[in-house]
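Peer 1:
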RNA sequence: GCGGCUGUAGCUCAGCUGGUUAGAGCGCUGGCUUGUGGCGCCAGAGGUCGAUGGUUCAACUCCUUCCAGCCGUACCA
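Residue numbers (our numbering): 4 to 489.
1. Bridge partners of residue 389, per DSSP?
2. Three Cβ pairs or more, each shorter than 8 angstroms: is that satisfied between the stretch 98–117 and the stretch 70–87?
3. Quick one: is residue 503 buried, meaning 16 or more other Cβ sit within 10 Å of its Cβ, or exposed?
4. Assign residue 184 to one of three DSSP states: helix, strand, or coil.
5. Note down, one range per segment and in chain order, each beta strand (DSSP E) of at least 3 residues found wholly within the stretch 229–312.
6. Have a look at residue 339 and residue 122 and give me their C-alpha separation to the nearest angstrom.
7. Would you kindly report the start and end of the unbroken alpha helix (DSSP H) that includes residue 206?
8. Residue ranges of each alpha helix (DSSP H) run of no fewer than 4 residues wholly in the stretch 332–385, ordered along the chain?
9. With DSSP as the reference, please indicate the residues paired to residue 399 in a beta bridge.
10. So, with DSSP's three-state summary, where would you put residue 58?
11. On the CB-based measure, 16 or more other CB atoms within 10 Å of its CB, does residue 402 come out buried or exposed?
12. Return the residue from the list 76, 449, 439 and 466 that minimises the CA-CA distance to residue 433.
13. Hey, how far is the Cα of residue 160 from the Cα of residue 267?
14. Answer yes if the stretch 97–107 comes into contact with the stretch 37–45, meaning at least three C-beta pairs across the two stretches below 8 angstroms, and no otherwise.
15. Alpha carbon to alpha carbon, what distance is there between residue 445 and residue 414?
16. In the DSSP output, what is residue 70 paired with across the bridge?
17. Restricting to Cα atoms, I'd like to know which of 301, 289, 138 and 262 is closest to residue 165.
18. On the CB-based measure, 16 or more other CB atoms within 10 Å of its CB, does residue 407 come out buried or exposed?
19. Going by CA-CA distance only, name the one from 400, 218, 187 and 398 that's closest to residue 202.
20. Would you list the residues sitting across from residue 12 in a DSSP beta bridge?
21. When you compare the stretch 275–284 with the stretch 141–149, are there three or more beta-carbon pairs, one atom per stretch, that lie closer than 8 angstroms?
22. Is the Cβ-Cβ distance between residue 463 and residue 440 less than 8 angstroms?
23. Can you tell me whether residue 170 is buried or exposed? The criterion is at least 16 other CB atoms within 10 Å of its CB, across all chains shown.
24. Who pairs with residue 216 in a beta bridge, going by DSSP?
25. Can you tell me whether residue 173 is buried or exposed, with buried defined as 16 or more other CB within 10 angstroms of its CB?
26. What are the start and end residues of the alpha helix (DSSP H) that includes residue 444?
27. Measure from the alpha carbon of residue 11 to the alpha carbon of each residue in 265, 21, 284 and 125, then state which is nearest.
28. Round the Cβ separation of residue 187 and residue 34 to the nearest angstrom and send it over; I've been treating them as touching at under 8 angstroms.
29. Just to check my reading of the structure: residue 287 and residue 303 have Cβ atoms closer than 8 angstroms, yes? What is that Cβ distance to the nearest angstrom?
30. If I follow the unbroken beta strand (DSSP E) through residue 109, where does it start and stop?
31. How many Å lie between residue 482 and residue 296 at the Cα?
32. Can you tell me which residues form a DSSP beta bridge with residue 132?
33. For residue 387 versus residue 427, is the C-beta distance shorter than 8 angstroms?
34. Between which residues of its own chain and residue 419 is the CB-CB distance below 6 angstroms, once the five residues before and five after are set aside?
35. State the Cα-Cα distance for the pair residue 175 and residue 139, rounded to the nearest angstrom.
36. Let's see if you can read the secondary structure: which residues bound the alpha helix (DSSP H) around residue 149?
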């Protein structure tokens, strides 16, 4: 049998897990500071609770991973953290105090084609306020996003939170005469086209708003089919400076959208945030389905170099918006809500590129070598290990086959151990141990080319009293730490 | 989903216009070495050449189909 994971799923190694933990700790601290409390929901939900994907018998797993419980009910792995929150709130509506301010993190699952940096299981970290109808709640989300980026070490100017309002986009489309149920399909096409602004630029969007666009492989994407006047209206609107009113015939949706954006702008300015952190941007679209008001996303603006040496802009690492209709599906009553989601894995990749990820693995343990294998010697080694541990120093006794001493040092070396402890019968008889600084020894090795000489010299090794073990190890570790930190 | 490109050892790849027993470097395992990591020397393991069907005296090499991966694109709650 070949050992492998399902496509789009990955194992995570120690370094990734530790780095993720550190990130999550920082994110959580910001959310807590803002007065949000944690909540957790299960990975599985009944499929109908997740929303639009009701599996049909032909394709039960389109988009989501679904299976039938033994009572025939369909259940699915969650594909985001918002739908489960709506379910949780609706279910506990009588107990939960509103506005309900909550955050949660966890894996979500999407059954779709994986790609580089795109997996079928990935981590999201969400914050939401339920029962808050005013744009002030949206403004708070934007500020929290900005604070989170800075808490993670992303400098001001290397990120920007961009805010728009779905009502503005709706108003624009109404103004160019594609409002109403008849044009739902066309409006979707327009939104999709606008969403491609990052990728294809204004010219690409122009094509997609009109007839369509041919991609590099020769594949043709059908456009939204607007006429030239309509296209120019849309383009001028999405490329307009923040806050400038368009020349289009106004309507209620447009006016309300602008008013809400004005209010958000006033709040973030009042809180001291500048346009280099949060700005109104009429080209932000976000997901197409359930957003009903302000939408916002956080984008990284610095160029990063990928493994292949190509320069790419990273784009969006977090996004959200107002979803006033989502909870109503369960309760029948209007419950306004707004919130956002951080793509943890994606953001981690970006931080790695920025050098802001604390990739310093935990210091590997001190390895106590096994020289003699009689019980007296072994208990002495174990005693040293325990003493180091009791003093807060990671340590382990070599647990492999000890017959070749060279293998033990090789193990310590490849494990990245800072120090090896050696005590043979001679040292034991005189109450001594050898302490070997593996980092210093590696440096010395570069000056010695002959293998015999390298061995005989026993580099970076000192003989000390057994009683001085802990203090000597501490001294060496401190020196190594100082060197690492420059 | 659509279009293009690519599948040879754990990894990176070589393998001529089809020719007998498929190679290299690195890595891995063991040994030199039951008192010393790097460097070194010796030995070894590991491949139904992505899978299937076909053409041929003969296929890693050419063709079909499938699968997987990469790039672009579409969809993306």
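Using N, Cα and C, we set each Cβ at its ideal position, and we do this for glycine too.
A quick note: this is a predicted structure, and the numbers were derived from the prediction, not measured.
Peer 2: Taking the coordinates as given:
1. On the first chain, position 386 is the one that residue 389 refers to. Partner(s): none; residue 389 has no beta bridge.
2. yes
3. Because the chain here runs from 4 to 489, residue 503 falls outside it and cannot be looked at.
4. Here residue 184 corresponds to residue number 181 of the first chain, with the count starting at 1. In this structure, residue 184 counts as helix in the three-state DSSP scheme.
5. 281–283 and 297–308
6. Taking the first residue of the first chain as position 1, residue 339 is located at position 336. Taking the first residue of the first chain as position 1, residue 122 is located at position 119. Between residue 339 and residue 122, the C-alpha separation is close to 31 angstroms.
7. Position 203 of the first chain, counted from the first residue, corresponds to residue 206. 200–212 is the span of the alpha helix (DSSP H), which, as asked, contains residue 206.
8. 347–357
9. On the first chain, position 396 is the one that residue 399 refers to. Bridge partners of residue 399: 370.
10. As a first step, residue 58 is located in the first chain; it is residue number 55 there, counting from the start. Any reading at residue 58 must be qualified, since the residue scores a pLDDT of 48, below 50, and its modelled position is unreliable; no value is offered.
11. Here residue 402 corresponds to residue number 399 of the first chain, with the count starting at 1. It is exposed - the Cβ of residue 402 has fewer than 16 other Cβ atoms within 10 Å.
12. Within the first chain, the letter at position 430 stands for residue 433. Residue 433 has its Cα closest to that of 466, out of 76, 449, 439 and 466.
13. In the first chain, counting from the first residue as 1, residue 160 sits at position 157. In the first chain, counting from the first residue as 1, residue 267 sits at position 264. If I take the Cα positions, the gap works out to 20 angstroms.
14. yes
15. Here residue 414 refers to the residue found at position 411 of the first chain. Here residue 445 refers to the residue found at position 442 of the first chain. Distance between the alpha carbons of residue 414 and residue 445: 14 angstroms.
16. Position 67 of the first chain, counted from the first residue, corresponds to residue 70. 78.
17. Translated into the one-based positions of the first chain, residue 165 becomes position 162. The residue with the shortest Cα to Cα distance from residue 165 is 301.
18. For the purposes of this step, residue 407 is taken as residue 404 along the first chain, with counting starting at 1. Counting Cβ neighbours within 10 Å, residue 407 comes out exposed, since fewer than 16 surround it.
19. For the purposes of this step, residue 202 is identified with residue 199 of the first chain, where counting begins at 1. The option with the nearest alpha carbon to residue 202 is 218.
20. The sequence position of residue 12 within the first chain is 9, counting from 1. DSSP, once it has assigned bridges, lists no residue as partnering residue 12.
21. yes
22. Within the first chain, residue 463 is the residue found at index 460, counting from 1. Within the first chain, residue 440 is the residue found at index 437, counting from 1. Yes, the Cβ-Cβ distance between residue 463 and residue 440 is below 8 angstroms.
23. As a position in the first chain, residue 170 is number 167, starting the count at 1. So residue 170 ends up on the buried side.
24. The residue labelled residue 216 in the question sits at position 213 within the first chain. Answer by DSSP bridge pairing, in chain order: 224.
25. Taking the first residue of the first chain as position 1, residue 173 is located at position 170. Buried, since its Cβ has 16 or more Cβ neighbours within 10 Å.
26. For the purposes of this step, residue 444 is taken as the residue at position 441 of the first chain. Unbroken alpha helix (DSSP H) run through residue 444: 441–448.
27. Residue mapping note: residue 11 aligns to position 8 of the first chain, counting from 1. With distances taken between Cα atoms, residue 11 lies closest to 125.
28. Counting from one through the first chain, the residue named residue 187 turns up at place 184. Counting from one through the first chain, the residue named residue 34 turns up at place 31. Contact doesn't hold; Cβ gap of about 36 angstroms is too wide.
29. On the first chain, residue 287 is found 284 positions in, with the first residue counted as 1. On the first chain, residue 303 is found 300 positions in, with the first residue counted as 1. About 15 angstroms separates the two Cβ atoms, so there is no contact after all.
30. To locate residue 109, count along the first chain from 1; it is residue 106. Run containing residue 109: 103–112, per the beta strand (DSSP E) assignment.
31. As a first step, residue 482 is located in the first chain; it is residue number 479 there, counting from the start. As a first step, residue 296 is located in the first chain; it is residue number 293 there, counting from the start. The straight-line gap from Cα to Cα measures roughly 56 angstroms.
32. As a first step, residue 132 is located in the first chain; it is residue number 129 there, counting from the start. 104 and 341.
33. By 1-based counting over the first chain, the position of residue 387 is 384. By 1-based counting over the first chain, the position of residue 427 is 424. It is not a contact, given that the beta carbons lie outside the stated cut-off.
34. Counting from one through the first chain, the residue named residue 419 turns up at place 416. Excluding positions up to five away in sequence, the list reads 367.
35. Translated into positions along the first chain, residue 175 becomes position 172. Translated into positions along the first chain, residue 139 becomes position 136. The straight-line gap from Cα to Cα measures roughly 24 angstroms.
36. Locating residue 149 in the first chain gives position 146, where the first residue counts as 1. Its alpha helix (DSSP H) spans residues 138–154.
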